[in-house]
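Chemist: Just passing along the structure, written as structure tokens.
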Amino acid sequence: EDQVTQSPEALRLQEGESSSLNCSYTVSGLRGLFWYRQDPGKGPEFLFTLYSAGEEKEKERLKATLTKKESFLHITAPKPEDSATYLCAVQGGGGDDKIIFGKGTRLHILP
Amino acid sequence: KAGVTQTPRYLIKTRGQQVTLSCSPISGHRSVSWYQQTPGQGLQFLFEYFSETQRNKGNFPGRFSGRQFSNSRSEMNVSTLELGDSALYLCASSTTVNTGELFFGEGSRLTVL
Chain A
918 EDQVTQSPEA LRLQEGESSS LNCSYTVSGL RGLFWYRQDP GKGPEFLFTL YSAGEEKEKE
978 RLKATLTKKE SFLHITAPKP EDSATYLCAV QGGGGDDKII FGKGTRLHIL P
Chain B
6 KAGVTQTPRY LIKTRGQQVT LSCSPISGHR SVSWYQQTPG QGLQFLFEYF SETQRNKGNF
66 PGRFSGRQFS NSRSEMNVST LELGDSALYL CASSTTVNTG ELFFGEGSRL TVL
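Heads up: the sequence lines are chains A and B, in that order. Okay, so the first sequence: first residue is 918 according to the working numbering, each after it adds one. Okay, so the second sequence: first residue is 6 according to the working numbering, each after it adds one.
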């Protein structure tokens, strides 16, 4: 069964303090790994798609990387506006093509 | 370009009632997916529609149903509501089926008393 586990559940950082969020996955034939950002009271906002091990994507202070077992979302010199819940999702090639979401990491950046 | 629009944004129902939620996708998007989000379970897939046909279905009981119209707008219905159905129901649209690059609405928050 496809599974996605995100860690830590919550993370508090000082403004400017870089860190990484982890997304571990178990899937039959990865078709894609997706990162989303969700602000309170809003729907998730799509950030990145990664398809194969070694791939990296960047957007402003965020960089996503992918290995065969996990993905990292690196946040460099974060600002308070980066505070949000970050969700990871995977799509396997097992046949049903469902998108499986992790439970997310709640990130809080202190000014 | 308008985003995904969900109505109503908030609603309160009692056990045993039924509810219908509506979703208007981004113009040009023909695929609509529905998700249930709760603090304990996170985002769970309900179903996906493309060209008025259900293409995929999650592991939810038959009380949860949906449909898509010819203009790509979608509705989902939950019958015989239970307390555990209280959740944020999110609709997402995409240009193609079976993609993880989804554009979500702000959701309909359902409270069942």
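Don't be surprised by glycine CBs; every beta carbon is placed ideally from N, CA and C.
Below 8 Å between beta carbons: does that hold for S945 of chain A and D919 of chain A?
Modeler: Yes, they are a contact pair.
Chemist: Might you give, ordered along the chain, the residues of its own chain that have their beta carbon closer than 6 Å to the beta carbon of T1050 of chain A, omitting 5 neighbours on each side?
Modeler: The structure shown does not extend to residue 1050 of chain A, since chain A is modelled only from 918 to 1028, so the question has no answer here.
Chemist: Which residues bound the beta strand (DSSP E) around G71 of chain B?
Modeler: Per DSSP, G71 of chain B belongs to the beta strand (DSSP E) from 69-73.
Chemist: Jot down the residue ranges of each uninterrupted beta strand (DSSP E) in the stretch 13-53 of chain B, minimum 3 residues, whole runs only, in chain order.
Modeler: Runs found: 15-18, 24-29, 36-43.
Chemist: Count the C-beta pairs between the stretch 26-41 of chain B and the stretch 50-60 of chain B that are closer than 8 Å, then say yes if the count reaches three, no if not.
Modeler: Result yes; three or more Cβ-Cβ pairs closer than 8 Å.
Chemist: So is G971 of chain A buried or exposed if we call it buried at 16+ other beta carbons inside 10 Å?
Modeler: Exposed is the call here.
Chemist: Check the Cβ-Cβ distances between G123 of chain B and every residue of chain A, and say whether any is below 8 Å.
Modeler: With chain B covering 6 to 118 only, the question about residue 123 of chain B has no answer from this structure.
Chemist: Tell me whether the beta-carbon of Q923 of chain A lies closer than 8 Å to the beta-carbon of G1009 of chain A.
Modeler: It is not a contact, given that the beta carbons lie outside the stated cut-off.
Chemist: Would you kindly report the start and end of the unbroken beta strand (DSSP E) that includes F963 of chain A?
Modeler: F963 of chain A -> beta strand (DSSP E) spans 962-967.
Chemist: For T10 of chain B, verify whether its CB is less than 7 Å away from any heavy atom of the ligand ATP.
Modeler: The ligand ATP is absent from the structure shown, which contains no ligands of any kind.
Chemist: Check whether the Cβ atoms of F109 of chain B and L95 of chain B lie closer than 8 Å to each other.
Modeler: Yes, the pair counts as a contact, with Cβ atoms nearer than the cut-off.
Chemist: With a threshold of 8 Å between beta-carbons, can A1006 of chain A be considered close to chain B, or not?
Modeler: Closer than 8 Å to some Cβ of chain B, the Cβ of A1006 of chain A qualifies, so yes.
Chemist: Starting from the Cα of N939 of chain A, find the closest Cα among A:A927, A:R978, A:L947 and give me that residue.
Modeler: Taking only the C-alpha atoms, the option nearest N939 of chain A is A:A927.
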